[in-house]
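To start, the structure itself, in C-alpha cells.
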Amino acid sequence: MSQSLGGLGSLAVSAWSQEYWHRQSRDETVHLGFYSAWKGISWGVGYYYTRTSGQQKNDRSWSFNINIPLGGPLSDSAVSYNTTSDSNGYTSQQMSLYGAVPTRPNLFYSVQQGYGNQGRGSNSSASLDYHGGFGNAQIGYRHDAASNQLTWGGAGSVVAHPHGVTFGQTVGESFAIVRAPGAAGVAVQNGNNVHTDWRGYAVVPSLTAYRKNVITLDTESMADDTDVDQQGQTVIPGGGAVVMANYQTHIGNRVLFTLRNAQGPLPFGASARLVKEEESGNPPGGMVADGGQVYLSGVPQEGTLAVSWIVNNQSQSCTLHFHLPDNPQQSLNTVKTVSGLCQTR
Numbered sequence: 054m055s056q057s058l059g060g061l062g063s064l065a066v067s068a069w070s071q072e073y074w075h076r077q078s079r080d081e082t083v084h085l086g087f088y089s090a091w092k093g094i095s096w097g098v099g100y101y102y103t104r105t106s107g108q109q110k111n112d113r114s115w116s117f118n119i120n121i122p123l124g125g126p127l128s129d130s131a132v133s134y135n136t137t138s139d140s141n142g143y144t145s146q147q148m149s150l151y152g153a154v155p156t157r158p159n160l161f162y163s164v165q166q167g168y169g170n171q172g173r174g175s176n177s178s179a180s181l182d183y184h185g186g187f188g189n190a191q192i193g194y195r196h197d198a199a200s201n202q203l204t205w206g207g208a209g210s211v212v213a214h215p216h217g218v219t220f221g222q223t224v225g226e227s228f229a230i231v232r233a234p235g236a237a238g239v240a241v242q243n244g245n246n247v248h249t250d251w252r253g254y255a256v257v258p259s260l261t262a263y264r265k266n267v268i269t270l271d272t273e274s275m276a277d278d279t280d281v282d283q284q285g286q287t288v289i290p291g292g293g294a295v296v297m298a299n300y301q302t303h304i305g306n307r308v309l310f311t312l313r314n315a316q317g318p319l320p321f322g323a324s325a326r327l328v329k330e331e332e333s334g335n336p337p338g339g340m341v342a343d344g345g346q347v348y349l350s351g352v353p354q355e356g357t358l359a360v361s362w363i364v365n366n367q368s369q370s371c372t373l374h375f376h377l378p379d380n381p382q383q384s385l386n387t388v389k390t391v392s393g394l395c396q397t398r
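Counting the sequence shown from 1 gives a position; this note's numbering is that position plus 53.
Quick look at the structure:
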C-alpha cells in the first residue's frame, strides 16, 4: 500500500510470501520505501527484508535512486543514479544518461556505467533507438568483465498496394494507407511520427476495426505549394482489413484571381475551373466571390482559367490565359495575385 505525505512525498509498504513446490521452503519479504520529487528531480530510498525458512541468516538490502532532468540543449534528457547494498557486503552502483538527441526528437540514446564489488567489476553500455515513420531501428553495445556484446535490430512493414509499395511502422490487425499524390512529408495525426513519403503515401499502423476512424492530415506540415480538398477522411475497416484513405491534392501555386469582363467584375457565384491538358484527376476550381475574386490552389505557372455563369437563363462563359510572374518579391508570398480580362468564348 502507498500513503501520500503531502508535499513531502509518499510512503510505500508491501509484503509478500513465496512457496516453492519442489522444495520445502518459503520466502517472506517486507518492503519499505519513501519517494519524493522536487522541481522535476525525483528520488527514493527502499529497504527490503527477506526471510527464508530453513536458513539461519536473513537477507537485508537497501537502495537509493535519483533522477535529475537536464536543461538547455539537453532539455529532453536526464541523469539517473542508483545504488544497492545488502547484508552480505555486496554493493552495486549505476549511473545513466538518457533521453532524446537534440533536434532529433525521434532518436533516443542511453549511456550507462555500472560497478559492483566482490569481483563483479565494472560494466558499461550504450544504445541508440530510432522511432521513425517508416519503422524502428536499434543498435546497442555492452561491455563487462566477461563479455562484449553488440546488438542491433529493426521492425517495420512493407505494404504492396495498387499504387506501388509503401514502407511503414509495424502494423496492427487493421490499418490504412494514406494516398495524397505529390504531398511529400505531410504529418498524419493518427500515428506517432507517421508522415507521407516522397510520393505522398503513408501507412497508418493501427485502426479500430468496425468503428469510424478519422484519418487527419496536418495541414501545417504541408509545403506552400500543396493543398488538399479535405483534411480528414473517415474509414471503417473490418477485422484484419487494409483500407485506402484517398486525398485530392493540388500541387502548385496558391493564387487569388481578380476577374473582369467588358461589363466589369465577373458576377458573384460564377464557376471557375482550371483547364487541364491531362484527363486524370479533378482540376482545381472554385466559386467567384464579390469583386470577381476567386482563390485557387494547385495552380501551374502558366495555364487557362475557364469561367461560366448564367444570366437571364442564358449561359455565359469566358476564359483567361495567365502566366504567373517570376518576380522574386512576389514569389516570396504564399498567395500570389493575378488580375485579368476574361475573354468571351
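A virtual CB, placed ideally from N, CA and C, is assigned to each residue, including glycine.
(message) Within the continuous beta strand (DSSP E) that includes Leu123, where are the two ends?
(response) First-last for Leu123: undefined, no H or E at that position.
(request) Grab the span of the beta strand (DSSP E) containing His196 for me, first residue to last. (result) 188-197
(message) Run through the DSSP bridge pairs and tell me what Val132 is partnered with.
(response) Ile121, Leu150
(request) Assign Leu397 to one of two classes, buried (16 or more other C-beta atoms within 10 Å of its C-beta) or exposed (fewer than that). (result) The sequence given here places Thr at residue 397; Leu does not occur at that position. Thr397 should be labelled exposed.
(message) For Val66 and Tyr101, I'd like the C-alpha separation in whole angstroms.
(response) 10 Å
(message) Contact defined as beta carbons within less than 8 Å: I believe Ile230 pairs with Val212. What is the distance between those atoms, to the nearest angstrom?
(response) 6 Å
(message) Which residue marks the beginning of the beta strand (DSSP E) containing Met297, and which one marks its end?
(response) 295-299
(message) Relative to the C-alpha of Val388, which candidate in Val247, Gly60, Asp278 has its C-alpha closest?
(response) Asp278
(request) For Gly172, name the three-state secondary structure that DSSP assigns. (result) coil
(request) Sort Leu260, Gly193, Pro215 by Cα distance to Thr223 and report the nearest one. (result) Leu260
(message) Applying the 10 Å Cβ sphere with the 16-neighbour rule, what's the burial state of Leu385?
(response) Caution applies to Leu385, whose pLDDT of 48 falls short of 50 and renders its modelled position unreliable; the value that the coordinates give is listed next. It counts as exposed.
(request) Determine the DSSP secondary structure at Glu273, reduced to helix, strand or coil. (result) helix
(request) Leaving out five residues on either side along the sequence, give the residues of the same chain with a beta carbon under 7 Å from the beta carbon of His374. (result) Thr357
(request) Within the same chain, show all residues whose beta-carbon is closer than 7 Å to that of Asn141, passing over the 5 residues directly before and after it, in chain order. (result) none
(message) Across the region 289-304 and the region 262-271, are there enough close Cβ pairs to call them in contact, namely three or more that are closer than 8 Å?
(response) yes
(request) Take Ile94 and list the residues in its own chain whose beta-carbon comes closer than 6 Å to its own, dropping the five residues that flank it on each side. (result) Ile121
(request) For my contact list, Ser200 and Val239 are in at a C-beta cut-off of 8 Å; report their separation, rounded to the angstrom. (result) Going by Cβ atoms, the distance from Ser200 to Val239 rounds to 46 Å, so no, they are not a contact pair.
(request) Please report how far the alpha carbon of Lys110 lies from the alpha carbon of Thr103, in whole angstroms. (result) 10 Å
(message) Alpha carbons only, please: which of Pro126, Thr137, Gly186, Arg195 is nearest the one belonging to Ala179?
(response) Arg195
(request) Measuring alpha carbon to alpha carbon, tell me which of Gly209, Leu349, Gly60 ends up nearest Phe187. (result) Gly209
(request) Please say whether Val347 and Phe321 have beta carbons closer to each other than 7 Å? (result) no
(message) Taking the alpha-carbon of Asp379 as reference, which of Asn306, Thr269, Tyr168 has the nearest alpha-carbon?
(response) Asn306
(message) Runs of 3 residues minimum, wholly inside the region 336-366: which ones carry the beta strand (DSSP E) assignment?
(response) 338-340, 346-352, 355-364
(request) Identify the continuous beta strand (DSSP E) that holds Ile94 and give its terminal residues. (result) 94-105
(message) Let me confirm a value: Val328 is counted as buried when at least 16 other C-beta atoms fall within 10 Å, else exposed. Which label applies?
(response) exposed
(message) For Gln369 and Cys395, I'd like the C-alpha separation in whole angstroms.
(response) 12 Å
(message) Nearest by alpha-carbon distance to Val360: which of Trp91, Asn135, Asn314, Thr204 is it?
(response) Asn314
(message) Distance check for Arg79 and Ser106, CA to CA, integer angstroms please.
(response) 5 Å
(request) Going by CA-CA distance only, name the one from Pro234, Val218, Asn299 that's closest to Thr269. (result) Asn299
(request) In the DSSP assignment, find the beta strand (DSSP E) that holds Ala65 and state where it starts and stops. (result) 63-72
(request) Closer than 6 Å by C-beta to Ser324: which residues in its own chain qualify, once you throw out the five before and the five after it? Chain order, please. (result) Ser361
(message) Nearer than 6 Å: is that true of the beta carbon of Ala294 relative to any heavy atom of the ligand COA?
(response) The ligand COA is not among the ligands present in this structure, which contains no ligands whatsoever.
(request) Starting from Ile289, trace the beta strand (DSSP E) both ways and give me its first and last residue. (result) Per DSSP, Ile289 belongs to no beta strand (DSSP E) and is neither H nor E.
(request) Counting only the same chain and skipping the five closest in sequence on each side, list residues whose C-beta sits under 6 Å from that of Pro353. (result) Gly305
(request) Rank Gly235, Gly185, Val364 by C-alpha distance to the C-alpha of Asn245 and give the top, closest one. (result) Gly185
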